[in-house]
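Protein chains in written order, with this note's numbering: chain A, 1 to 290; chain B, 1001 to 1431.
Single-structure report; data block below.
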Amino acid sequence: MTQAAPVTKKKPVSKTTPKPMQNLEITDHQATVGKCFADNAKMTMRNVNVFYDDKQAIHDVSIDIAKNEVIAMIGPSGCGKSTFLRSLNRMNDTVDICRVEGQICMDGEDLYSPKLDVVELRARVGMVFQKPNPFPKSIYENVAYGPKIHGLADTRVDLDEIVENSLRKASLWEEVKERLHQAGTGLSGGQQQRLCIARAIAVSPEVILMDEPCSALDPIATARIEELIEELSQNFTIAIVTHSMQQAARVSHRTAYFHLGRLIEVNPTEQVFTMPEHQLTEAYITGRFG
Amino acid sequence: MTKKPMTDSSNHLDKIKKSLSRRNRAEKRFRWYGRMAVFVGLAAVMVLFTDIISKGHGAFRITYVELQVTYDQDMIGVENLTDPAQLALGDWEALSKAALRNEFGDVSGRRDKRKLYGLISSGAGYDLKDRLLANPLLLGETENVWILADDDIDTYYKSWLDGEPYAARMSAKQIQWIDELHAQGKIRLQFNSNLFTRGDSREPEQAGIRGAVMGSLLVLILTLMLSFPIGVSAAIYLEEFAPRNRWTDFIEVNINNLAAVPSIIFGLLGLAIFINFFHVPRSVPIVGGLVLTLMTLPTIIITSRAAIKSVPPSIREAAMGMGASKSQVVLHHVLPLSLPGMLTGAIIGMAQALGESAPLLMIGMVAFIVDIPAGFSDPATVLPVQIFLWADSPERAFIEKTSAAIMVLLSFLIVMNTVAVWLRKRLERRW
């Protein structure tokens, strides 16, 4: 796994630094620096713009997500990284005022084409949310829900197997196998989040989107989720939005830095945290704003 | 600031302390205002309940007189007890009259005889008929029977037992007869089962609330069957599927307005549309249920929408993220989670409908109906209207009957509201 050096204190901010923000202004025509594109792309996004009513939240973002990679999206609050993530499985459809322009494809198929069924898309692109949100049902029912609605299991035995496998992959099986039929909401926060991951992988998606999956968890639970992400990356393509630069450094192969709705830089994680190409990236990872 | 920190901070503390005691006093005052408000509310309820119970408790017992009855075949004029034509023509009152003459042998003259026959209920003959039909072997036999007394006798006897005899409608002879009966132990108060088993009657001692309770039940069943599914569907559509635009805003405002429309307007609407236009018969539970459905729909829609709104968006997102379709999200997640709130709203709506009388007056459910309704198309009245009818009746004995009917209505309402609270507590989920 990528091991990035601790980065936060790389360049201590001294009083002699000439007004950093002034130099860091971005123009409309700024291109993303770094390696946005991949040869074995699972998802390709070209010139994506996202609007909330008149307000533009995402400006002209182009990026590829490669097969079986973990890509981290970082950036200061309100930079649009969550909005961008949610446009990848069309969760933004539920927001009436939200409008997505540009091209988002998975395996060459346009996700926003009118022919595409959003139900099928979400079975192929799973999502894990910021706050653990298990259904107020039993642990078993939580994991079995996806396979049931998509008709993935023909028999009860099949379903049992899917549930067990998913819980094992989410490294939760050992903890809950004795109480599969108790409420999923009775688990601890970290367990709930792993339950949500198990629920997401039960339908064997191709891509898993994670929207700050650890922000509501304590460090130990976070560590377990991070281990899990590493294991999952063998079978799944993962896009993770995170506030924690250490987390991005620990779990991801590539890191994308967003700033005020623009994609500033995409590079291998190690490079982003050691030799960022762009001044803004450097400013962010050295803690000058965030 | 840094020049004299000591005085500054002690000054500060003094000020805080001063304001603290003022704030504590205000807090205490505020709490007392609350307590007083609660007390006033409770006191009002207590006064209401004491008044109703003190007036109404008497109605649950009623006066019976013991008489020796001979089932004389010739007197009734019936030979075959299985022949309905003969039964209908039989002079059943002769039985009770003969029993009275037998008890008080010295009565002569038309006037005195009328007073004598007035001791017992005018329906006593039919009670004896029922008794005979239940046990045909009694024909020709003699037995002691407790017979329902007339309402004036009942009122007098109860007030006399309480030490304040009300004799305005009693003759001296009647008072004397009652004294005799009392001395022989042949008059007593019994549990008034008629109140719960009979329909309305012009004679207070024969009047019961069974008809009104059945009417209320039928009307409520229909109201629930119509308003719950319609209300919940409307709420789900408006909350989950409808786009937010000028039309839905307009609909929302109108639903809120409907909830505040005086109920008598719904009665007029029912009269104009259901009875005059669609020719639904008047006075029947069908039209009552339809009108009350119109009235409770806004309540159910509003509470159901609130229940749907209270389902956290994270649950919807989770389901949608799993690839559930819109209706799957609603049916699998939103509906089960908001059902307790919806049920509570429905029960409160039903309680409202149960207590409603004004709109039913408009559609003819205020008629005097003796028969107990057995179906949705039988003429019926409902409990609150029965209360209205009895409260309007001149007979003194209807006063306690009215209060007793109010007690029954209130206990239904209390049970329904308790169930609503219990349901809410029971089914509430945490997430």
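Cβ atoms here follow ideal geometry from the backbone N, Cα and C, with glycine treated the same way.
{"Item": "Using three-state DSSP, classify A/Glu265 as helix, strand or coil.", "Value": "strand"}
{"Item": "In three-state DSSP terms, what is B/Glu1079?", "Value": "coil"}
{"Item": "Give every residue of the same chain whose Cβ lies closer than 6 angstroms to the Cβ of A/Arg99, excluding the five residues on either side of it in the sequence, and list them in chain order.", "Value": "Phe51"}
{"Item": "In the DSSP assignment, what residue or residues form a beta bridge with A/Lys55?", "Value": "A/Tyr52"}
{"Item": "Against chain B, with Cβ distances strictly below 8 angstroms, would A/Lys131 count as a contact?", "Value": "yes"}
{"Item": "Flag this pair as yes or no: are the beta carbons of B/Ile1300 and B/Phe1228 separated by less than 8 angstroms?", "Value": "yes"}
{"Item": "Taking DSSP's pairing of strands, which residues face B/Asn1144 in a bridge?", "Value": "B/Gln1068"}
{"Item": "What is the rounded straight-line gap between the Cα of B/Ala1043 and the Cα of B/Met1036?", "Value": "10 angstroms"}
{"Item": "Under 7 angstroms Cβ to Cβ from A/Leu85, same chain only, skipping five residues before and after it: list those, please.", "Value": "Met73, Leu209, Asp211, Ala239, Val241"}
{"Item": "Alpha carbon to alpha carbon, how far is B/Phe1376 from B/Gly1077?", "Value": "39 angstroms"}
{"Item": "Quick one: Cα of B/Met1225 to Cα of B/Leu1292, how far?", "Value": "11 angstroms"}
{"Item": "Which word fits A/Asn23, buried or exposed, when buried means at least 16 other C-beta atoms lie within 10 angstroms of its C-beta?", "Value": "Note that A/Asn23 scores 47 on pLDDT, short of 50, meaning its location in the model is unreliable; the coordinates nonetheless yield the value given after this. The residue in question, A/Asn23, is exposed, as its Cβ has fewer than 16 Cβ neighbours within 10 Å."}
{"Item": "Out of B/Leu1331, B/Ser1327, B/Asn1417, which has the shortest C-alpha to C-alpha gap to B/Leu1354?", "Value": "B/Asn1417"}
{"Item": "Taking C-beta pairs closer than 8 angstroms, name the residues in chain B that A/Gly126 reaches, listed in chain order.", "Value": "Gly1321, Met1322"}
{"Item": "Nearest chain A C-beta to B/Ala1318 closer than 8 angstroms, yes or no?", "Value": "yes"}
{"Item": "What do you reckon, are the CB atoms on A/Asn92 and A/Leu121 nearer than 8 angstroms?", "Value": "no"}
{"Item": "Going by DSSP in three states, A/Asn133 sits in which element: helix, strand or coil?", "Value": "coil"}
{"Item": "Could you compute how far the alpha carbon of A/Glu270 sits from the alpha carbon of A/Cys36?", "Value": "15 angstroms"}
{"Item": "Going along the chain, which unbroken runs of the alpha helix (DSSP H) with 4 or more residues stay wholly within the region 1130-1218 of chain B?", "Value": "1151-1161, 1172-1183, 1194-1197"}
{"Item": "Counting only the same chain and skipping the five closest in sequence on each side, list residues whose C-beta sits under 7 angstroms from that of B/Ile971.", "Value": "Examination of residue 971 of chain B is not possible in this model, given that chain B is present from 1001 through 1431 alone."}
{"Item": "Report back the beta-carbon spacing between B/Val1287 and B/Gly1270 to the nearest angstrom; my notes put them in contact at under 8 angstroms.", "Value": "6 angstroms"}
{"Item": "Taking C-beta pairs closer than 7 angstroms, name the residues in chain B that A/Tyr145 reaches, listed in chain order.", "Value": "Met1322"}
{"Item": "Look at the alpha carbon of B/Ala1059 and the alpha carbon of B/Ile1052, and state the distance between them as a whole number of angstroms.", "Value": "11 angstroms"}
{"Item": "Shorter than 8 angstroms from the beta carbon of B/Ile1062 to some beta carbon of chain A?", "Value": "no"}
{"Item": "What is the DSSP secondary structure of A/Ser277, counted as helix, strand or coil?", "Value": "According to the sequence displayed, residue 277 of chain A carries Glu and not Ser. Looking at A/Glu277 - three-state DSSP - the assignment turns out to be coil, as it is neither helix nor strand."}
{"Item": "Does any CB atom of chain B fall closer than 8 angstroms to the CB of A/Ala239?", "Value": "no"}
{"Item": "Taking 8 angstroms as the cut-off, decide whether the C-beta atoms of B/Glu1239 and B/Ile1308 are in contact.", "Value": "yes"}
{"Item": "Kindly confirm or deny that the region 1304-1321 of chain B and the region 1385-1402 of chain B touch, where touching means at least three C-beta pairs closer than 8 angstroms.", "Value": "no"}
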